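Visitor: The listed protein sequences correspond, in order, to chains P and E.
So the first sequence is numbered by our numbering: it starts at 51 and just counts up by one.
So the second sequence is numbered by our numbering: it starts at 5 and just counts up by one.
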Amino acid sequence: MNLKRREFVKQLAAGAAVSAIAGCAETSRTPAAGRVVVIGAGYAGATAAKYVRMWAPDIDVTLVERDSEFISCPLSNLVLGGSKKISELTVGYGGLAKYGVKVVRDDAVAVDPAKREVRLASGATLGYDRLIVAPGVDMQYDTLPGLASANAKSKVLHAWKAGPQTVALRRQLEAMRDGGVYALHIPKAPYRCPPGPYERACQVAHYFKTAKPKSKVLILDANEDVVSKKGLFMAAWNGPYKGIVEYRPNSELEDVDVATLTAKLQFGGVKADVLNVVPPQRAGQIALTTGLITANNRWCGVNWQTMESVKVPGVHVLGDATLSAQLMPKSGHMANQHAKVCAVAVIAMIKNQPLNPQPMMVNTCYSFIDDRNVVHVASVHTYDATEKTMLPVKGAGGLSDKANELEGTYALSWAQNIWADMLA
Amino acid sequence: MKSTFDWGWAALMLAVAAAWAPATYAQDANTVRGMAATCANCHGTDGRSAGTVPGLAGVDKGHIVAQMQDFKSGKRTSTIMQQLAKGFSDAQIEQIAAYFAAQKK
Numbered sequence: 051m052n053l054k055r056r057e058f059v060k061q062l063a064a065g066a067a068v069s070a071i072a073g074c075a076e077t078s079r080t081p082a083a084g085r086v087v088v089i090g091a092g093y094a095g096a097t098a099a100k101y102v103r104m105w106a107p108d109i110d111v112t113l114v115e116r117d118s119e120f121i122s123c124p125l126s127n128l129v130l131g132g133s134k135k136i137s138e139l140t141v142g143y144g145g146l147a148k149y150g151v152k153v154v155r156d157d158a159v160a161v162d163p164a165k166r167e168v169r170l171a172s173g174a175t176l177g178y179d180r181l182i183v184a185p186g187v188d189m190q191y192d193t194l195p196g197l198a199s200a201n202a203k204s205k206v207l208h209a210w211k212a213g214p215q216t217v218a219l220r221r222q223l224e225a226m227r228d229g230g231v232y233a234l235h236i237p238k239a240p241y242r243c244p245p246g247p248y249e250r251a252c253q254v255a256h257y258f259k260t261a262k263p264k265s266k267v268l269i270l271d272a273n274e275d276v277v278s279k280k281g282l283f284m285a286a287w288n289g290p291y292k293g294i295v296e297y298r299p300n301s302e303l304e305d306v307d308v309a310t311l312t313a314k315l316q317f318g319g320v321k322a323d324v325l326n327v328v329p330p331q332r333a334g335q336i337a338l339t340t341g342l343i344t345a346n347n348r349w350c351g352v353n354w355q356t357m358e359s360v361k362v363p364g365v366h367v368l369g370d371a372t373l374s375a376q377l378m379p380k381s382g383h384m385a386n387q388h389a390k391v392c393a394v395a396v397i398a399m400i401k402n403q404p405l406n407p408q409p410m411m412v413n414t415c416y417s418f419i420d421d422r423n424v425v426h427v428a429s430v431h432t433y434d435a436t437e438k439t440m441l442p443v444k445g446a447g448g449l450s451d452k453a454n455e456l457e458g459t460y461a462l463s464w465a466q467n468i469w470a471d472m473l474a
Numbered sequence: 005m006k007s008t009f010d011w012g013w014a015a016l017m018l019a020v021a022a023a024w025a026p027a028t029y030a031q032d033a034n035t036v037r038g039m040a041a042t043c044a045n046c047h048g049t050d051g052r053s054a055g056t057v058p059g060l061a062g063v064d065k066g067h068i069v070a071q072m073q074d075f076k077s078g079k080r081t082s083t084i085m086q087q088l089a090k091g092f093s094d095a096q097i098e099q100i101a102a103y104f105a106a107q108k109k
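1) So with Cβ pairs under 8 angstroms, would you call Gly445 of chain P a contact of chain E?
2) So Ala429 of chain P is in the beta strand (DSSP E); what residue range does that whole segment cover?
3) Do we get a CB-CB distance below 8 angstroms when we pair Ser417 of chain P with the residues of chain E?
4) Given a cut-off of 8 angstroms, decide if Ala461 of chain P and Gln87 of chain E are closer than it, judged by their beta-carbon atoms.
5) With DSSP as the reference, label Trp469 of chain P as helix, strand or coil.
6) With DSSP run on the structure shown, which of helix, strand or coil describes Lys101 of chain P?
7) Mapping the DSSP letters down to three states, classify Phe120 of chain P as helix, strand or coil.
8) Does DSSP put Ile269 of chain P in a helix, a strand or coil?
9) Out of curiosity, what's the CA-to-CA distance linking Leu342 of chain P and Ser450 of chain P?
10) Between Lys109 of chain E and Ala89 of chain E, is the Cβ-Cβ spacing less than 8 angstroms?
11) Of the residues P:Ala198, P:Gly90, P:Gly351 and P:Pro442, which one's Cα is nearest the Cα of Val362 of chain P?
12) Give, in chain order, every residue of the stretch 426-444 of chain P whose Cβ lies closer than 7 angstroms to some Cβ of chain E.
13) What residues of chain E sit near Lys361 of chain P, judged by a beta carbon separation below 9 angstroms?
14) Kindly indicate which residue of P:Tyr433, P:Val424, P:Lys401 and P:Gly318 has the alpha-carbon position closest to the one of Pro107 of chain P.
15) Got a sec? Which residues, its chain only, sit under 8 angstroms from Ser82 of chain E by beta carbon, not counting five neighbours each side?
16) Do Asn45 of chain E and Asp471 of chain P come within 8 angstroms of each other at the CB atom, strictly closer than that value?
17) Counting only beta-carbon separations shorter than 8 angstroms, does Gly448 of chain P have a partner in chain E?
18) Between the Cα of Ala91 of chain P and those of P:Pro81, P:Val102 and P:Leu113, spot the shortest distance and give me the residue it belongs to.
19) Gly132 of chain P and Tyr291 of chain P - do their beta-carbons sit closer together than 8 angstroms?
20) Using a C-beta cutoff of 8 angstroms, does Ser53 of chain E count as contacting chain P?
21) At the level of alpha carbons, what is the spacing between Asp156 of chain P and Thr140 of chain P?
22) By Cβ distance, which residues of its chain are closer than 8 angstroms to Leu53 of chain P, with the 5 residues on each side in sequence left out?
23) Give me the Cα-Cα distance between Leu311 of chain P and Val206 of chain P, rounded to the nearest whole angstrom.
24) The beta strand (DSSP E) spanning Tyr257 of chain P covers which residue range?
25) Should Thr56 of chain E be flagged as near chain P, meaning a C-beta pair shorter than 8 angstroms?
26) Can you tell me whether DSSP reads Leu62 of chain P as helix, strand or coil?
27) Residues of the stretch 378-390 of chain P with a CB closer than 8 angstroms to any CB of chain E: list them in chain order, please.
28) Any C-beta of chain E sitting closer than 8 angstroms to the C-beta of Cys74 of chain P?
29) Nearest to Met84 of chain P by CA position, among P:Ile397, P:Ile236 and P:Lys438, is which residue?
30) Glu457 of chain P and Val425 of chain P look like a contact to me (Cβ under 8 angstroms); what is the Cβ gap, rounded to whole Å?
31) Buried or exposed, going by whether 16 or more other CB atoms sit within 10 Å of the CB of His235 of chain P?
32) Can you find a CB in chain E that lies within less than 8 angstroms of the CB of Ser122 of chain P?
33) With C-beta atoms as the reference, is Asp307 of chain P less than 8 angstroms away from Gly448 of chain P?
34) Please classify His67 of chain E as buried or exposed, where buried requires at least 16 other C-beta atoms within 10 Å of its C-beta.
35) Would Met399 of chain P count as contacting chain E if we go by Cβ distances under 8 angstroms?
36) By the 8 angstroms beta-carbon criterion, what residues does the stretch 30-48 of chain E contribute toward chain P?
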């Protein structure tokens with residue numbers, strides 16, 4: 051006992067001496083505990099940058115973003131429905147300054163994982179200890195030759211990234227004759243925001259019902275059935291939007307004839323007055339360039355305990371770009387949750403602390419049926435150390451019973467809080 | 005009893021505990037705040053709500069635990085919280101409640 055105790059005291063003293071030296075070195079040079087670079091300032095990237103700095107002000111954080119401000123995809127269908135303006139969904143990046151996040155407006159064009167360096171379009175480079183890649187999705191037009199040109203893309207919009215395309219699609223709907231057809235093509239899952247296209251159909255129907263009552267909404271879904279909130283959307287299409295919305299499953303697009311606004315399907319074509327094609331998607335370009343894509347040439351596999359790439363060490367991937375875990379949607383809410391699990395892990399890794407053994411994530415997706423009534427789907431996910439993935443917690447989560455106004459107020463409150471959670 | 009109690013050893017152990025606690029605490033704090041942050045999307049960063057959904061910052065721990073348990077059991081009905089509360093263990097609810105109770109309003 052005495053011997054052991056003496057040994058222990060010696061070790062303790064040695065340890066104390068080492069910490070004292072390390073402490074001195076630190077205070078004399080005051081270097082950052084580590085350098086984190088984040089690529090992409092959407093729901094995932096902006097949240098990660100803020101939370102790393104908020105929780106660990108001694109870590110240096112640089113956030114690289116090509117756009118001048120954030121425009122939210124959630125709620126952007128309301129711009130098509132006419133109850134929101136795009137300016138109401140736009141938030142600047144200025145709020146991140148108070149956390150000490152350095153926001154660099156530039157485009158990340160290459161990553162050197164060996165040198166731990168990001169190269170920007172401007173030619174500058176940023177060194178990192180840990181890199182967080184949150185690039186969102188890129189639209190894939192390679193299977194749709196009719197939409198190859200920029201001119202074709204300007205006529206047949208996707209509006210699946212909120213911004214100028216959202217506003218342009220609203221203008222097309224406003225310019226459409228009463229009695230016209232708006233056709234929306236939905237790609238095979240997985241794609242960004244599973245309930246989004248069905249909400250969009252409701253929003254356009256809501257606009258038509260009041261402004262152009264003879265017009266129709268035609269959903270051409272490549273999937274064999276409604277991907278999300280089926281019963282709740284069907285209730286809308288068979289209820290308030292009966293006679294306006296028509297749903298056609300198994301309608302995968304083979305190509306588009308832009309001159310006649312015709313969607314070419316396996317069995318014939320469908321001519322529209324406004325044709326809106328949401329193409330298949332994959333992880334954003336920088337994920338591809340960096341070699342982060344591991345599944346179906348589209349998505350990035352991650353270690354769900356840390357959000358670190360399964361392929362490139364030192365690089366974490368967040369948001370829609372990830373290969374989703376079981377029943378995990380590609381949603382803004384989920385992207386924000388990825389970011390927090392990542393922030394916890396990045397801080398622990400930089401500071402040589404143990405990892406969180408059981409990260410948790412929650413998802414909440416609200417969809418507007420009209421300008422006030424809303425439905426939700428929710429789920430809770432927990433890290434399973436045996437399966438090494440996030441699994442939905444059994445018995446938790448669920449759907450709204452029916453569309454209701456209370457959830458309309460919650461959905462708008464959700465937007466205010468999540469935008470503040472990432473950017474204010 | 006007194007003669008066998010080693011005051012020096014006890015003092016040393018206390019010192020050790022004090023020296024080691026911050027590292028352990030820092031990790032637990034990192035984990036707990038990470039879990040509490042799952043609530044922030046709707047209830048605001050650190051529970052300071054910018055919208056109509058109630059804030060949680062500075063709310064009594066016992067009150068938060070009781071609400072969560074009532075959501076879990078179905079005693080309190082709601083649109084969404086009864087579905088989400090079921091996803092958290094009693095121990096996790098205690099930790100989350102303690103975290104928010106300690107935040108400034």
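Even for Gly, the Cβ is constructed at its ideal location relative to N, Cα and C.
Here the structure is a predicted model, which is why all the values come from computation and not from measurement.
Guide: For this structure:
1) Within the first sequence, the letter at position 395 stands for residue 445 of chain P. Cβ-Cβ to chain E under 8 angstroms: yes for Gly445 of chain P.
2) Numbered from 1 along the first sequence, position 379 holds the residue referred to as residue 429 of chain P. Per the sequence shown, the amino acid found at residue 429 of chain P is Ser instead of Ala. That run of the beta strand (DSSP E) goes Val424 to Asp434.
3) Looking up residue 417 of chain P in the first sequence gives position 367. It does not: the Cβ of Ser417 of chain P has no partner Cβ on chain E nearer than 8 angstroms.
4) Here residue 87 of chain E refers to the residue found at position 83 when the second sequence is read from its first residue. Here residue 461 of chain P refers to the residue found at position 411 when the first sequence is read from its first residue. No, the pair does not count as a contact, with Cβ atoms beyond the cut-off.
5) Stepping through the first sequence from its first residue, residue 469 of chain P is reached at position 419. Here Trp469 of chain P sits in helix by DSSP.
6) Translated into the one-based positions of the first sequence, residue 101 of chain P becomes position 51. In the sequence under discussion, the amino acid at residue 101 of chain P is Tyr, which differs from the Lys named in the question. In the structure shown, Tyr101 of chain P sits in a helix (DSSP, three-state: H, G or I).
7) In the first sequence, counting from the first residue as 1, residue 120 of chain P sits at position 70. Residue state, collapsed to three classes: strand.
8) To locate residue 269 of chain P, count along the first sequence from 1; it is residue 219. Strand.
9) To locate residue 342 of chain P, count along the first sequence from 1; it is residue 292. To locate residue 450 of chain P, count along the first sequence from 1; it is residue 400. Cα to Cα, the separation comes out at about 37 angstroms.
10) Along the second sequence, read from residue 1 onward, the residue named residue 109 of chain E stands at position 105. Along the second sequence, read from residue 1 onward, the residue named residue 89 of chain E stands at position 85. No, they are not a contact pair.
11) Here residue 362 of chain P corresponds to residue number 312 of the first sequence, with the count starting at 1. When only C-alpha atoms are compared, the closest one is P:Gly351.
12) His426, Ala428, Val430 and Val443
13) Translated into positions along the first sequence, residue 361 of chain P becomes position 311. By Cβ distance, chain E contributes nothing, its closest Cβ being about 24 angstroms from Lys361 of chain P, past 9 angstroms.
14) By one-based count along the first sequence, residue 107 of chain P stands at place 57. When each option's Cα is compared against that of Pro107 of chain P, the closest is P:Lys401.
15) Here residue 82 of chain E refers to the residue found at position 78 of the second sequence. Taken in chain order, the residues that qualify are Phe75.
16) The residue you call residue 471 of chain P lines up with position 421 of the first sequence. The residue you call residue 45 of chain E lines up with position 41 of the second sequence. Yes, the pair counts as a contact, with Cβ atoms nearer than the cut-off.
17) Residue numbering aside, residue 448 of chain P sits at position 398 when the first sequence is read from its first letter. It does: the Cβ of Gly448 of chain P has a partner Cβ on chain E nearer than 8 angstroms.
18) Against the first sequence, residue 91 of chain P aligns to sequence position 41. Considering only alpha carbons, the answer is P:Leu113.
19) Taking the first residue of the first sequence as 1, we reach residue 291 of chain P at position 241. Taking the first residue of the first sequence as 1, we reach residue 132 of chain P at position 82. Contact: no.
20) Along the second sequence, one-based indexing puts residue 53 of chain E at 49. It does: the Cβ of Ser53 of chain E has a partner Cβ on chain P nearer than 8 angstroms.
21) Against the first sequence, residue 156 of chain P aligns to sequence position 106. Against the first sequence, residue 140 of chain P aligns to sequence position 90. In a straight line, the C-alpha of Asp156 of chain P is about 19 angstroms away from that of Thr140 of chain P.
22) As a position in the first sequence, residue 53 of chain P is number 3, starting the count at 1. For Leu53 of chain P, the predicted structure reports a pLDDT of 40, less than 50, and the residue's modelled location is therefore unreliable. The matter cannot be settled from this model.
23) On the first sequence, residue 311 of chain P is found 261 positions in, with the first residue counted as 1. On the first sequence, residue 206 of chain P is found 156 positions in, with the first residue counted as 1. For Leu311 of chain P and Val206 of chain P, the distance between alpha carbons rounds to 8 angstroms.
24) Taking the first sequence and counting its residues from 1, the one referred to as residue 257 of chain P is at position 207. Element bounds for Tyr257 of chain P: not the beta strand (DSSP E) but the alpha helix (DSSP H), Gly246 to Ala261.
25) Translated into positions along the second sequence, residue 56 of chain E becomes position 52. Chain P contact via Cβ: present.
26) Taking the first residue of the first sequence as 1, we reach residue 62 of chain P at position 12. Because Leu62 of chain P carries a pLDDT of 40, less than 50, the predicted location of this residue cannot be relied on, and the following value inherits that uncertainty. It is helical.
27) His383, Asn386, Gln387 and Lys390
28) Taking the first residue of the first sequence as 1, we reach residue 74 of chain P at position 24. Only weak support exists for where Cys74 of chain P lies, its pLDDT of 39 falling under 50; the value from the coordinates is given anyway. Cβ-Cβ to chain E under 8 angstroms: no for Cys74 of chain P.
29) As a first step, residue 84 of chain P must be located in the first sequence, where it is residue number 34. Note that residue 84 of chain P corresponds to Gly in the displayed sequence, not to Met. When only C-alpha atoms are compared, the closest one is P:Ile397.
30) Here residue 457 of chain P is taken as the residue at index 407 of the first sequence, counted from 1. Here residue 425 of chain P is taken as the residue at index 375 of the first sequence, counted from 1. Rounded, the Cβ-Cβ distance is 7 angstroms, consistent with contact.
31) Counted from its first residue, the first sequence places residue 235 of chain P at position 185. Buried is the call here.
32) Indexing the first sequence from 1 puts residue 122 of chain P at position 72. So, not an interface residue.
33) Locating residue 307 of chain P in the first sequence gives position 257, where the first residue counts as 1. Locating residue 448 of chain P in the first sequence gives position 398, where the first residue counts as 1. Cβ distance not < 8 angstroms, so Asp307 of chain P and Gly448 of chain P don't count as in contact.
34) Within the second sequence, residue 67 of chain E is the residue found at index 63, counting from 1. Flag for His67 of chain E reads exposed.
35) Taking the first residue of the first sequence as position 1, residue 399 of chain P is located at position 349. No, its Cβ sits nowhere closer than 8 angstroms to a Cβ of chain E.
36) Ala30, Gln31, Asn34, Thr35, Arg37, Gly38, Met39, Ala41, Thr42, Cys43, Ala44, Asn45, Cys46, His47 and Gly48
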